[in-house]
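Engineer:
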Amino acid sequence: MQHFFNTTHWTEHPALRVLVLAWLAAAAQTPDAAWVWAACLVLGLVAASQWPDAAPPSPQPELDSPATPLLAKRRSDAARPRVTSSPKAPPLLKAHRDLVTGLSTREHLHATAEAWQQDLRAANQSVCVLQLSLDGITDVSQRYGHEAGNQLRLQVAKRLRQLVRAEDKVVRLSDAEFALLVSCAAEEVNTLSRSLAKRVVQEVQRPLAFRTLSNLHLSCSVGAAQWPLHAEQLDKALQHAGSALAQARSSGRGQTRQYAPTGEAVAA
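Numbering (the working numbering), first residue to last: 3 to 270.
1. Measuring only the C-alpha atoms, how far is N126 from P230?
2. Would the stretch 121-136 and the stretch 180-193 be scored as touching if the rule is three or more Cβ pairs under 8 Å?
3. Give me, in chain order, the residues of the same chain whose beta-carbon lies closer than 6 Å to that of A188; leave out the 5 immediate sequence neighbours on both sides.
4. So A150 and V142 are supposed to be a Cβ contact under 8 Å. How far apart are they, rounded?
5. Using 8 Å as the Cβ pair cut-off and three pairs as the minimum, do the stretch 211-230 and the stretch 189-198 touch?
6. Inspect the CB distances between the stretch 195-209 and the stretch 112-122 and report whether three or more fall short of 8 Å.
7. Which two residues bound the contiguous beta strand (DSSP E) that contains D237?
8. What whole-angstrom Cβ distance do A250 and S223 have, given they're in contact under 8 Å?
9. Alpha carbon to alpha carbon, how far is D100 from E234?
10. Is DSSP giving Q207 helix, strand or coil here?
11. Would you mind stating whether E109 and H98 have Cβ atoms separated by less than 9 Å?
12. Hey, Y261 and H232: beta-carbon distance below 9 Å or not?
13. Specify the secondary structure class of G225 as computed by DSSP and reduced to three states.
14. Counting C-beta neighbours from all protein chains within 10 Å, is the total for K171 16 or more, i.e. buried, or is it exposed?
15. Would you report the Cα separation of L162 and P263, rounded to the nearest angstrom?
16. Determine whether the beta carbon atoms of E205 and L165 lie at a separation below 9 Å.
17. A178 and T140: beta carbons closer than 9 Å?
18. Going by other Cβ atoms of all chains shown within 10 Å of its Cβ, with 16 needed for buried, is Q153 buried or exposed?
19. CA-CA distance, L247 and L105?
20. When DSSP builds the beta bridges, which residues end up paired with V173?
21. Excluding sequence positions up to five away, which residues of its chain have a Cβ less than 7 Å from the Cβ of A217?
22. Near R255, what residues of its chain come up, given a Cβ to Cβ distance below 7 Å and the 5 sequence neighbours on each side ignored?
23. Are the CB atoms of R155 and T107 within a distance shorter than 9 Å?
24. Out of curiosity, what's the CA-to-CA distance linking G280 and K238?
25. What three-state label does DSSP hand L134 in the structure shown?
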């Protein structure tokens, strides 16, 4: 009996329903069938009044976690380690690599010149020092944009790099100025200085390209000096090449000049 009433409502038990249906089927065949149906109706009403169906419990809404009191929140914030941005690293004093062309910079040349000079002296080598300035690069930048000017600078840098060996130095000095420092035997430096200056002019004058434009033209002026013939330090020899370059530019585009100790540069 205990198992019989374990259901939610005893009238819902399957066995009881089968017995009731069987009894109704048998009673319906008797002459007093109407009284049987009336008794079933009364029994159903009494059962419903004494054991009403319990409505299923409504789901309880989930309660949010209680809000953290303001004082506790402040204490929590105070206990939490404060994250501060790390101090910025000091910027490099000088960049040793040009971002546009990938060439060495003047600062890098200055930082490595002394050690290179020692190696050159030990090998009894001289250096041909060329300084060149691009003509027309500003016009290209103004007409086609800054990116076009940088692309042409990059192409010129690659051509200059291909003119010399890996151990030689190609430097971007400023916006439109470059330098080449090429080592050679002392007896060859004068000849190399003249021939290399002409090759530089020829390479720069070859057509350059930018996107769909494949026939852009630049020119350059070149000043040349020799180390250690014209100066004991490479930095000073580069200054002499710059003086010769200034005289070459004053003579027109595409000119080359060789430094002379007398102050009047000669055609290279």
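Cβ atoms here follow ideal geometry from the backbone N, Cα and C, with glycine treated the same way.
Structural biologist: The structure says:
1. 10 Å
2. Judged by Cβ distances under 8 Å, the stretch 121-136 makes contact with the stretch 180-193, as three or more pairs qualify.
3. S128
4. 6 Å
5. yes
6. no
7. Here D237 belongs to no beta strand (DSSP E); instead the alpha helix (DSSP H) covers L236 to S252.
8. 4 Å
9. Approximately 27 Å between the Cα atoms of the pair.
10. In this structure, Q207 counts as helix in the three-state DSSP scheme.
11. yes
12. yes
13. strand
14. buried
15. If I take the Cα positions, the gap works out to 27 Å.
16. Yes, the pair counts as a contact, with Cβ atoms nearer than the cut-off.
17. Yes.
18. buried
19. Distance between L247 and L105, taken at the CA atoms: about 20 Å.
20. S106 and A181
21. Looking at the sequence itself, residue 217 is Asn, so the reference to Ala does not match. Cβ within range, chain order: P209.
22. D137, S221 and S223
23. Contact: no.
24. Absent from the structure is residue 280, since the part of the chain shown begins at 3 and ends at 270.
25. strand
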